[in-house]
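Single-structure report; data block below.
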Amino acid sequence: MAAAHLVSPRRTAAVAGLGVCAWAAFAALTLIVASRHGAPLPPDRALLTWSLGHRPPVAVAAARGLTGTGTGAVPYALVIAAGLIAGRTARQRRAAALMGLLCLGLGQAVRYGVMDLVGRVRPPYEDWEAAASGWSYPSGHTTTSALTAGLLITALWLRAPCGRGALTLLVGCWGAGVGLTRIFLGAHWFTDVLGGWLFAAGWLALFLTAAARWLPADIRPGADVRPGAPESDSGRAPQSGFGKGTLERC
Numbered sequence: 000m001a002a003a004h005l006v007s008p009r010r011t012a013a014v015a016g017l018g019v020c021a022w023a024a025f026a027a028l029t030l031i032v033a034s035r036h037g038a039p040l041p042p043d044r045a046l047l048t049w050s051l052g053h054r055p056p057v058a059v060a061a062a063r064g065l066t067g068t069g070t071g072a073v074p075y076a077l078v079i080a081a082g083l084i085a086g087r088t089a090r091q092r093r094a095a096a097l098m099g100l101l102c103l104g105l106g107q108a109v110r111y112g113v114m115d116l117v118g119r120v121r122p123p124y125e126d127w128e129a130a131a132s133g134w135s136y137p138s139g140h141t142t143t144s145a146l147t148a149g150l151l152i153t154a155l156w157l158r159a160p161c162g163r164g165a166l167t168l169l170v171g172c173w174g175a176g177v178g179l180t181r182i183f184l185g186a187h188w189f190t191d192v193l194g195g196w197l198f199a200a201g202w203l204a205l206f207l208t209a210a211a212r213w214l215p216a217d218i219r220p221g222a223d224v225r226p227g228a229p230e231s232d233s234g235r236a237p238q239s240g241f242g243k244g245t246l247e248r249c
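Quick note on numbering that gives the first Met the number 0: the sequence shown kicks off at 0 and runs consecutively.
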């Protein structure tokens with residue numbers, strides 16, 4: 000066990016900075032989409048045309064299977080799993096799971112509000128290879144899977160298990176893959192998916208920054224609260240995860 004700052008003030012500031020960049024990019028993209036009254040941009044048309052010409056049955060079936068994991072119960076189950084991974088004690092695990100569910104649920108609510116405000120129409124129905132409903136921007140499957148992947152990756156890096164690099168890559172590919180299937184299956188424009196990724200990045204950064212700033216130390220995921228743990232100058236056990244702590248090494 001070696002002391003480390005998994006999310007030190009410096010890293011928290013970096014996460015907040017990335018979040019600001021993501022929100023700025025999302026705002027700019029949203030303004031562009033709204034100013035065109037939802038009309039597709041050149042990359043939207045180009046990628047839809049490409050997908051229409053590259054849809055063998057096996058690829059369509061695989062894309063449908065992957066896209067199905069980006070909605071329904073699967074993301075919420077994965078967020079609960081992320082909470083169980085992140086916490087060191089039963090209390091931390093419960094708190095982390097609840098915080099993850101809150102992050103995902105509130106993010107969905109805000110996304111629905113943006114969708115209603117923008118009111119973008121989806122690609123032509125005859126081009127769909129998957130069921131879809133509601134407005135198009137930002138993509139719901141994309142936002143949900145990206146938020147879920149971000150929470151899982153955060154949990155993996157808080158606890159730092161053996162092989163976390165490979166696990167992080169796998170989770171990241173899943174989150175990105177769900178978004179790409181929405182374009183391939185014709186249910187969303189490319190900019191819908193890009194908007195979903197930017198929204199998820201900004202929302203997750205906001206949530207993690209708030210958690211690092213305001214959560215009590217004893218329920219921060221990954222915090223070392225074992226009996227007998229050395230105390231800091233403030234009289235509390237050193238923090239990990241969202242503060243100071245230990246990094247598990249293989």
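By construction, the Cβ of each residue, glycine as well, lies at the ideal position given by its N, Cα and C atoms.
Note that the structure is a prediction, hence the values are computed from the model and not measured.
Going by beta carbon distance, what residues of the same chain come within less than 7 angstroms of residue i, once the five residues before and after it are set aside?
| i | result |
| --- | --- |
| alanine 13 | none |
| aspartate 126 | Leu47, Leu51, Gly185 |
| leucine 207 | Val14, Thr153 |
| serine 233 | Because the pLDDT at serine 233 is just 40, under 50, the model does not fix this residue reliably, and the point stays unresolved. |
| leucine 205 | Gly18 |
| alanine 33 | Val117 |
| leucine 40 | Thr190 |
| tryptophan 196 | Thr141, Ala145, Gly178 |
| alanine 129 | Arg63, Thr66, Leu184, Ala186 |
| arginine 9 | none |
| proline 226 | For proline 226, the pLDDT reaches just 46, beneath the cut-off of 50, and the residue's location in the model is therefore unreliable, although a value from the coordinates is still provided. Nothing meets the Cβ criterion. |
| alanine 24 | Leu197 |
Could you check how far apart the C-beta atoms of residue i and residue j are, in whole angstroms? I think they sit under 8 angstroms.
| i | j | result |
| --- | --- | --- |
| valine 109 | threonine 141 | Not confirmed; about 15 angstroms, so no contact. |
| leucine 157 | leucine 203 | Not a contact, Cβ separation roughly 14 angstroms. |
| alanine 136 | glycine 194 | With the sequence shown as reference, residue 136 is identified as tyrosine, and alanine is not the correct amino acid for it. Yes, they are in contact, since the Cβ atoms of tyrosine 136 and glycine 194 sit about 6 angstroms apart, within 8 angstroms. |
| threonine 190 | leucine 28 | 6 angstroms |
| leucine 103 | valine 78 | 5 angstroms |
| proline 122 | tryptophan 188 | 6 angstroms |
| phenylalanine 139 | threonine 68 | Looking at the sequence shown, residue 139 is not phenylalanine but glycine. In fact, because the Cβ distance is near 13 angstroms, the residues do not count as touching under 8 angstroms. |
| alanine 211 | threonine 11 | 5 angstroms |
In chain order, what residues of the same chain lie with their CB nearer than 8 angstroms to the CB of residue i, ignoring the 5 residues before and after it?
| i | result |
| --- | --- |
| glycine 118 | Gly37, Trp134 |
| alanine 58 | Phe183 |
What first and last residue would you give for the alpha helix (DSSP H) that runs through residue i?
| i | result |
| --- | --- |
| proline 74 | 72-85 |
| tryptophan 49 | 41-51 |
| threonine 252 | Because the chain here runs from 0 to 249, residue 252 falls outside it and cannot be looked at. |
| threonine 11 | 8-34 |
| arginine 92 | 89-117 |
| threonine 66 | 56-67 |
| valine 192 | 189-213 |
| glycine 178 | 163-183 |
With a threshold of 6 angstroms on Cβ separation, who are the neighbours of residue i within its own chain once the five nearest residues in sequence on each side are excluded?
| i | result |
| --- | --- |
| alanine 81 | Gly99, Leu150, Leu151, Ala154 |
| tryptophan 22 | Gly201 |
| glycine 42 | A small fix is needed here, since residue 42 is proline in this sequence, not glycine. Counting only Cβ-Cβ distances below 6 angstroms, and skipping sequence neighbours, we find Phe189. |
Quiz item: Is there contact here, the region 163-178 with the region 94-106, by at least three beta-carbon pairs under 8 angstroms?
Solution: no
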